[in-house]
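Chains as they are written, first to last, in the working numbering: chain A, -17 to 318; chain B, 13 to 304.
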Amino acid sequence: MTDLALKRQSAGPQGWRGPLVWGGLALGGAAVYFGSQDSLLPSGALTSVYALFALLGLGLVNARSRVLPGFRLSLAVTILMLFLIILIPLSAVFINTAQLSWAQIWSAVSAPRAVASYKLSFTASLLAAAVNVVFGLILAWAITRYRFPGRKLVDALIDLPFALPTAVAGIALTALYAKNGWFGSFLEGQLGIKVAFSQLGVLVALVFIGLPFVVRTVQPVLEDLDAEFEEAAASLGANRWQTVWRVVLPALYPALLTGFAMAFARALGEYGSVIFIAGNIPLVSEITPLIIITKLEQYDYAGATAIAAVMLIVSFALLLAINALQVWSSRRTERS
Amino acid sequence: MAGGTASLYARGRQTGRAATRDPKWAQVLIIGLGLTFFALFLLAPLALVFTEALRKGWSAYFGALVDRDAQSAIRLTLLAAAIAVPVNLVFGIAASWLIAKHRFRGRTLLTTLIDLPFSVSPVIAGLVYVLVFSSQGWFGPWLQDNGMKVIFAVPGIVLATVFVTFPFIARELIPLMESQGTEEEEAAVVLGAGGLTTFLRVTLPNVKWGLLYGVILCNARAMGEFGAVSVVSGHIRGLTNTMPLHVEILYNEYQFSAAFAVASLLALLALLTLLIKTVVEWRVARAQREGA
């Protein structure tokens, strides 16, 4: 079977999705309901296990005769590990939140410190993702379109924020921007701009963390972009500026948006690189993940769980948005 | 992580036309802006780690590394990675074989679910295991009755590490296996090879470099994980402290040189990871050029 045939087959009618999604939602709802009813048995966990076996059964029934072996084994291993390590523990957040009263949930979620942290996390992540889009595009453009000494080194080191432990990034950025640091002594001493231990520090850390996402989503699109389009625009009388603005950039929009969403999603959950540089002043520079940690340290598991549920819902919405963006972006590339 | 290998194709096709080429001043401006940003945000923190680590000289540097608490943190980090990486290797191979080589209902959904840990905050990754295994959690009473401890102990650290690094190997393998199609494997099966033989002799040689990079990246993330491990560890010195947590403790105690000394080991690991990534991309590109 050729790749093309495979692609066509996978893009075929997808009427099965509806029942699967509704079934999943029903099972999830059942898990939350039973979990909230009974405190004796961890029945939420039991329901999740039922859901696991239901899905596993669905997959195994679904197995038709195939040429390649190992379908059942790999399906069983994948689904079992996915459920045991990721999905059942994650469901604990929602099941435990469902056991709280509305008043408990509301008081944890709407506490002034929590609300201040949402504002900071949201604004700083949004700004950081925007900075990443601008400089990510510039860097991706420079790496793919131009030749300059050190280009390969830059290309290789772009992924540093993926590979460098967040705690290391955190202390390094703090030392750089502290009052006596390389950058801080100038920014704070000369210009009076306080970066470390302020909201600006949060932004700096999130820009660091998110940079590779934009570069790595834009780069392949920029490379695959056929020179013919630009040549066509040129032969039709467009100048360079018009060509870039009307032909090249529109082709990059989906990738830029995907990179933006990925950097934003990552920034919202980031912890290690931020807590060192933020100074963690209540109501001013506390990020939402830190609020969860603080509540856990005070053994306020209920409050921590309720805030975690809010964060998870936002992250899942973002994940769906990113998936939709990627589908859109791949369709656009196919069409061209 | 997307498309690293693609960067090696489609280069060197600039044409001479004025409208397909950026003017010189724009090139200088874009390269200048890009490099300045790169130097300020990526190079400077990296350089600072090594400068600060060696500020008090080599003997202080090695002194910080052979310190008893540092040694036990290094051992625990190695142990956690030694368990987490093989677990994720098994999952990564199973998931990529399933998703890249088969077509079935729910395939897209499964791919999305595998990516889930990427979009979950590491702090929540730690929290979920607290909810399940802590003394007030689902299995807390049962664990206590049986004299077992997961949270504030090594099993919790390993679990949190596995959660955070879960998608890495699968994400690296799936696109690679998909791009190779199933024809070679089908031929092997038709010629009478069993499943294991087909995988080991046909699929594995085709994806070995991607697999190597996936393992290396997974390992780097496993050793460097901070947020999730911080929640489940309890920060007991000499017992449940990993290297990143040890860095945090030293830093908060104002032992900056020691903190950066331990941090420099992790930074070296990150550089090694990027080096292997570059070599792997180069290899993959060469293999594809030869194949084409």
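C-beta: ideal position from N, C-alpha, C; glycine also.
Could you please give the first and the last residue of the uninterrupted alpha helix (DSSP H) stretch that includes B/His258?
Along the second sequence, read from residue 1 onward, the residue named residue 258 of chain B stands at position 246. Here the alpha helix (DSSP H) through B/His258 covers 255 to 264.
Tell me which residues share the same chain as A/Leu263 and place their Cβ nearer than 8 Å to its Cβ, disregarding the 5 neighbours each side in the sequence.
Here the question's residue 263 of chain A lines up with position 281 in the first sequence. Correcting the residue type first, residue 263 of chain A is Ile in the shown sequence and not Leu. Within the same chain, A/Ile263 has close Cβ partners Phe179.
Please check the pair A/Gly118 and A/Ile259, which I expect to be a contact at CB under 8 Å, by giving their CB distance rounded to whole angstroms.
Here residue 118 of chain A is taken as the residue at index 136 of the first sequence, counted from 1. Here residue 259 of chain A is taken as the residue at index 277 of the first sequence, counted from 1. 21 Å between Cβ atoms; not a contact.
Under a CB-based cut-off of 9 Å, is A/Ala154 close to chain B?
By one-based count along the first sequence, residue 154 of chain A stands at place 172. So, interface residue.
Could you tell me which chain B residues have their CB closer than 7 Å to the CB of A/Thr333, listed as they occur along the chain?
As shown, chain A starts at -17 and ends at 318. That puts residue 333 of chain A outside it, with no answer to give.
For A/Leu22, which residues from the same chain have a beta carbon less than 8 Å from its beta carbon, with the 5 sequence-adjacent residues on both sides left out?
The count along the first sequence starts at 1 and reaches residue 22 of chain A at position 40. Bear in mind that the predicted position of A/Leu22 carries a pLDDT of just 40, short of 50, making it too unreliable to give a figure here.
Of all Cβ atoms in chain A, is any one closer than 9 Å to the Cβ of B/Gly46?
Mapped onto the second sequence, residue 46 of chain B falls at position 34. True, the Cβ-Cβ gap to chain A drops below 9 Å.
Can you grab the Cα-Cα spacing for the pair B/Leu66 / A/Gly163, in whole Å?
Here residue 66 of chain B is taken as the residue at index 54 of the second sequence, counted from 1. Here residue 163 of chain A is taken as the residue at index 181 of the first sequence, counted from 1. Going by the C-alpha atoms only, they are around 16 Å apart.
Alpha-carbon spacing of A/Pro147 relative to B/Arg115, whole angstroms
Indexing the first sequence from 1 puts residue 147 of chain A at position 165. Indexing the second sequence from 1 puts residue 115 of chain B at position 103. Take the alpha-carbon of A/Pro147 and the one of B/Arg115: they are about 37 Å apart.
Might you give, ordered along the chain, the residues of its own chain that have their beta carbon closer than 6 Å to the beta carbon of B/Leu108, omitting 5 neighbours on each side?
As a working note, residue 108 of chain B is residue 96 in the second sequence. The identity of residue 108 of chain B in the sequence shown is Ser, whereas the question assumes Leu. Counting only Cβ-Cβ distances below 6 Å, and skipping sequence neighbours, we find Ala182, Leu185, Ile186, Met189.
Do the segment 106 to 114 of chain A and the segment 181 to 195 of chain A make contact, defined as three or more Cβ pairs closer than 8 Å?
Segments in contact, yes.
Taking Cβ positions only, does B/Leu88 come closer than 9 Å to chain A?
Position 76 of the second sequence holds residue 88 of chain B. B/Leu88 does not count as touching chain A.
To be precise: take each residue of the segment 167 to 199 of chain A, compare its Cβ to all Cβ atoms of chain B, and keep it if any distance is under 7 Å. Which residues remain?
Within the segment 167 to 199 of chain A, the residues whose Cβ lies closer than 7 Å to some Cβ of chain B are Val189, Phe190, Leu193, Arg198, Thr199, listed in chain order.
What runs of the alpha helix (DSSP H), each 4 residues or longer, lie entirely inside the segment 75 to 128 of chain B?
Runs found: 80 to 113, 119 to 127.
How many Å lie between B/Ser84 and B/Arg249 at the Cα?
As a position in the second sequence, residue 84 of chain B is number 72, starting the count at 1. As a position in the second sequence, residue 249 of chain B is number 237, starting the count at 1. Taking the straight line joining both Cα atoms gives about 9 Å.
Output, in chain order, the set of chain B residues within a Cβ distance shorter than 8 Å of A/Phe76.
In the first sequence, counting from the first residue as 1, residue 76 of chain A sits at position 94. None at all; the shortest Cβ gap to chain B is about 10 Å.
Hey, is A/Ile140's beta-carbon within less than 9 Å of any beta-carbon in chain B?
Here the question's residue 140 of chain A lines up with position 158 in the first sequence. A/Ile140 has a beta carbon lying within less than 9 Å of a beta carbon in chain B.
Can you grab the Cα-Cα spacing for the pair A/Phe320 / B/Pro256, in whole Å?
The structure shown does not extend to residue 320 of chain A, since chain A spans only -17 to 318, so no value can be given for it.
Limits of the unbroken alpha helix (DSSP H) element including B/Trp221:
Translated into positions along the second sequence, residue 221 of chain B becomes position 209. If you look at B/Trp221, you'll find it in the alpha helix (DSSP H) that goes 216 to 236.
Taking 9 Å as the threshold (beta carbon to beta carbon), is A/Phe258 in contact with chain D?
In the structure shown, chain D does not exist; the protein chains are A and B.
Residue closest to A/Ala284, alpha-carbon to alpha-carbon, out of A/Ile70, A/Ala80, A/Pro51, A/Ala58:
For this step, residue 284 of chain A is matched to residue 302 along the first sequence. Nearest option by C-alpha distance: A/Ala80.
Contact the segment 203 to 213 of chain B vs the segment 124 to 138 of chain B: 3+ CB pairs below 8 Å:
When Cβ pairs closer than 8 Å are counted between the two stretches, the segment 203 to 213 of chain B is seen not to touch the segment 124 to 138 of chain B, the count staying below three.
Assuming B/Ala172 contacts B/Val241 under a Cβ cut-off of 8 Å, what Cβ separation, rounded to an integer in Å, is found between them?
Here the question's residue 172 of chain B lines up with position 160 in the second sequence. Here the question's residue 241 of chain B lines up with position 229 in the second sequence. B/Ala172 to B/Val241, Cβ: 5 Å. Contact.
Residue environment, A/Val136, which counts as buried when at least 16 other CB atoms sit within 10 Å:
One-based indexing of the first sequence puts residue 136 of chain A at position 154. A/Val136 should be labelled buried.
Buried or exposed for A/Thr60, please, with buried defined as at least 16 other CB atoms from any protein chain shown within 10 angstroms of its CB.
On the first sequence, position 78 is the one that residue 60 of chain A refers to. Looking at its Cβ environment, which holds 16 or more other Cβ atoms inside 10 Å, A/Thr60 is buried.
B/Asn100: buried (16+ other C-beta within 10 angstroms of its C-beta) or exposed?
As a position in the second sequence, residue 100 of chain B is number 88, starting the count at 1. With 16 or more Cβ atoms within 10 Å of its Cβ, B/Asn100 is classed as buried.
Environment of A/Ile140 [buried if 16+ CB atoms lie within 10 Å]:
Against the first sequence, residue 140 of chain A aligns to sequence position 158. It is buried - the Cβ of A/Ile140 has at least 16 other Cβ atoms within 10 Å.
At the level of alpha carbons, what is the spacing between A/Ser103 and A/Gln181?
Position 121 of the first sequence, counted from the start, is the residue given in the question as residue 103 of chain A. Position 199 of the first sequence, counted from the start, is the residue given in the question as residue 181 of chain A. Answer to the nearest angstrom: the Cα atoms are 10 Å apart.
B/Leu283 and B/Val166 closer than 9 Å at C-beta
Along the second sequence, read from residue 1 onward, the residue named residue 283 of chain B stands at position 271. Along the second sequence, read from residue 1 onward, the residue named residue 166 of chain B stands at position 154. No, they are not a contact pair.
Is the Cβ-Cβ distance between B/Ile86 and B/Leu277 less than 9 Å?
Taking the first residue of the second sequence as position 1, residue 86 of chain B is located at position 74. Taking the first residue of the second sequence as position 1, residue 277 of chain B is located at position 265. A contact, by the Cβ cut-off of 9 Å.
Can you tell me whether A/Trp123 is buried or exposed, with buried defined as 16 or more other CB within 10 angstroms of its CB?
Residue numbering aside, residue 123 of chain A sits at position 141 when the first sequence is read from its first letter. The residue is buried, with at least 16 neighbouring Cβ atoms inside 10 Å.
Tell me whether the beta-carbon of A/Thr270 lies closer than 9 Å to the beta-carbon of A/Ala90.
Locating residue 270 of chain A in the first sequence gives position 288, counting from the first residue. Locating residue 90 of chain A in the first sequence gives position 108, counting from the first residue. Not in contact: A/Thr270 and A/Ala90 (Cβ atoms no closer than 9 Å).
Tell me which same chain residues have a C-beta within less than 8 Å of the C-beta of B/Leu224, skipping the five on either side of it?
Within the second sequence, numbered from 1, the residue matching residue 224 of chain B stands at position 212. Ile288, Val292.
With distances taken from CA atoms, which of B/Phe238, B/Thr215, B/Phe178 is nearest B/Gly226?
Within the second sequence, numbered from 1, the residue matching residue 226 of chain B stands at position 214. Comparing Cα positions, the closest option is B/Phe178.
How about the segment 190 to 197 of chain B and the segment 82 to 89 of chain A: do they share at least three Cβ pairs that are nearer than 8 Å?
Contact check between the segment 190 to 197 of chain B and the segment 82 to 89 of chain A: fewer than three CB pairs, one atom from each, fall below 8 Å, which does not count as touching.
Name the residue from A/Leu62, A/Leu69, A/Ile68, A/Leu142 whose alpha carbon lies nearest to the alpha carbon of B/Phe50.
Indexing the second sequence from 1 puts residue 50 of chain B at position 38. Ranked by Cα distance from B/Phe50, the options A/Leu62, A/Leu69, A/Ile68, A/Leu142 are led by A/Leu142.
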